[in-house]
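Asker: Shown below is the structure under consideration.
Protein chains in written order, with the working numbering: chain A, 1397 to 1514; chain B, 80 to 193.
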């Protein structure tokens, strides 16, 4: 079975602080895909990044960066110099493969609610 | 603009009533999905479809039904058998049926019991 764990339920930071959201996953597949989505208060899910299991290169996009480590089955997300607009729920998700019983649908973690205060 | 349209935004269900949530996409995506989100929870898969006229049960399909008669449409019916339907429902689609394609989501439908 596949599983995604986001141990941090809620995080509160003051604007301009850096914050890291943790994601740990479990899968038997050798090829899999990891995603991060943002859910602002309005409710829609916004795609942030996709990472293939065979590409462990870290990625930076503006204030966002992602650290993928297969050795620890983690795919952590860091926001540098956080802003109030970053306040949202962030979901880590794993796409199934051969050992998934749901085709290639996403297996989501329970999300981390980030609150950035001025 | 291409995207996914879910309607209605809010829906109320009476006891014993079936209700249908609409999901339409104009992205020409092959795969479509329905997820349920409860407060403080992640999204759980209800049904998915990888091709027209074919769909598969997800993790929590009991009390729900779907159809996929057209590529762009994937309606979800919440039947009276679903005893706890109050939740936020999200529809998604992806270009292919391989797991590396990101899913694009609609704005969701909030369903409540009257």
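Note that beta-carbon positions come from the ideal geometry of N, C-alpha and C, so glycine has one too. It should be emphasised that the depicted structure is a prediction, and the values quoted were computed from it without experimental measurement.
Name the chain B residues whose beta carbon is nearer than 7 Å to that of residue 1448 (chain A)?
Answerer: In the first chain, residue 1448 (chain A) corresponds to position 52, counting from 1. Residues of chain B passing the Cβ test: 179.
Asker: I need the DSSP call for residue 1482 (chain A), collapsed to helix, strand or coil.
Answerer: Start at 1 with the first residue of the first chain, and residue 1482 (chain A) comes out as number 86. Correct three-state label for residue 1482 (chain A): helix.
Asker: At a Cβ threshold of 8 Å, is residue 1458 (chain A) touching chain B?
Answerer: Within the first chain, numbered from 1, the residue matching residue 1458 (chain A) stands at position 62. For residue 1458 (chain A), the answer is no, since every Cβ of chain B falls outside 8 Å of its Cβ.
Asker: Taking the continuous beta strand (DSSP E) assigned at residue 1424 (chain A), which residues delimit it?
Answerer: To locate residue 1424 (chain A), count along the first chain from 1; it is residue 28. Here residue 1424 (chain A) belongs to no beta strand (DSSP E), and DSSP marks it neither H nor E.
Asker: Closest by CA to residue 167 (chain B), which one among B:154, B:107, B:180, B:186?
Answerer: As a first step, residue 167 (chain B) must be located in the second chain, where it is residue number 88. Per the Cα distances, B:186.
Asker: Would you mind telling me which residues of chain B sit closer than 7 Å to residue 1502 (chain A), beta carbon to beta carbon, in chain order?
Answerer: Counting from one through the first chain, the residue named residue 1502 (chain A) turns up at place 106. Correct list: 182.
Asker: Going by the DSSP bridge assignment, what does residue 1410 (chain A) pair with across the sheet?
Answerer: Residue 1410 (chain A) sits at position 14 when you count from the first residue of the first chain. Answer is A:1513, bridged to residue 1410 (chain A).
Asker: Helix, strand or coil: which one does DSSP assign to residue 1438 (chain A)?
Answerer: Here residue 1438 (chain A) corresponds to residue number 42 of the first chain, with the count starting at 1. Residue 1438 (chain A): coil per DSSP, three-state reduction.
Asker: In this structure, how does DSSP classify residue 150 (chain B) when only helix, strand and coil are distinguished?
Answerer: On the second chain, position 71 is the one that residue 150 (chain B) refers to. Three-state result, residue 150 (chain B): coil.
Asker: Taking residue 1506 (chain A) as the query, report the chain B residues whose CB atoms sit under 8 Å from its CB, ordered along the chain.
Answerer: Locating residue 1506 (chain A) in the first chain gives position 110, counting from the first residue. Those within 8 Å of residue 1506 (chain A) in chain B are 119, 120, 121.
Asker: Does the CB of residue 1440 (chain A) have a neighbour CB from chain B at under 8 Å?
Answerer: Residue 1440 (chain A) sits at position 44 when you count from the first residue of the first chain. Yes, because at least one Cβ of chain B sits closer than 8 Å to the Cβ of residue 1440 (chain A).
Asker: Exposed or buried, which one is residue 96 (chain B) when buried takes at least 16 other CB atoms within 10 Å?
Answerer: Along the second chain, one-based indexing puts residue 96 (chain B) at 17. Classification of residue 96 (chain B): exposed, given that the 10 Å Cβ count is below 16.
Asker: Indicate whether at least one CB of chain B lies closer than 8 Å to the CB of residue 1487 (chain A).
Answerer: For this step, residue 1487 (chain A) is matched to residue 91 along the first chain. Chain B contact via Cβ: present.
Asker: Going along chain A, which residues have a C-beta under 8 Å from residue 187 (chain B)?
Answerer: Walking along the second chain from the start, residue 187 (chain B) turns up at place 108. What residue 187 (chain B) touches in chain A: 1439, 1440.
Asker: Can you say whether residue 1473 (chain A) is buried or exposed, counting buried as having 16 or more other CB atoms within 10 angstroms of its CB?
Answerer: Along the first chain, one-based indexing puts residue 1473 (chain A) at 77. The residue in question, residue 1473 (chain A), is buried, as its Cβ has 16 or more Cβ neighbours within 10 Å.
Asker: Among all the DSSP beta bridges, which residues are the ones paired with residue 103 (chain B)?
Answerer: As a working mapping, residue 103 (chain B) is identified with position 24 in the second chain. Note: residue 103 (chain B) sits in a beta bridge opposite B:84, B:152.
Asker: So, do the region 117-136 of chain B and the region 92-107 of chain B have three or more beta carbon pairs nearer to each other than 8 Å?
Answerer: Short answer: they don't touch.
Asker: How would you list, in chain order, the residues of chain B whose beta-carbon sits under 7 Å from the beta-carbon of residue 1464 (chain A)?
Answerer: In the first chain, counting from the first residue as 1, residue 1464 (chain A) sits at position 68. In chain order: nothing, as chain B lies at least about 14 Å away.
Asker: Would you verify that the beta carbon of residue 1431 (chain A) is, or is not, closer than 8 Å to some beta carbon of chain B?
Answerer: Against the first chain, residue 1431 (chain A) aligns to sequence position 35. Yes - at least one Cβ of chain B is within 8 Å of the one on residue 1431 (chain A).
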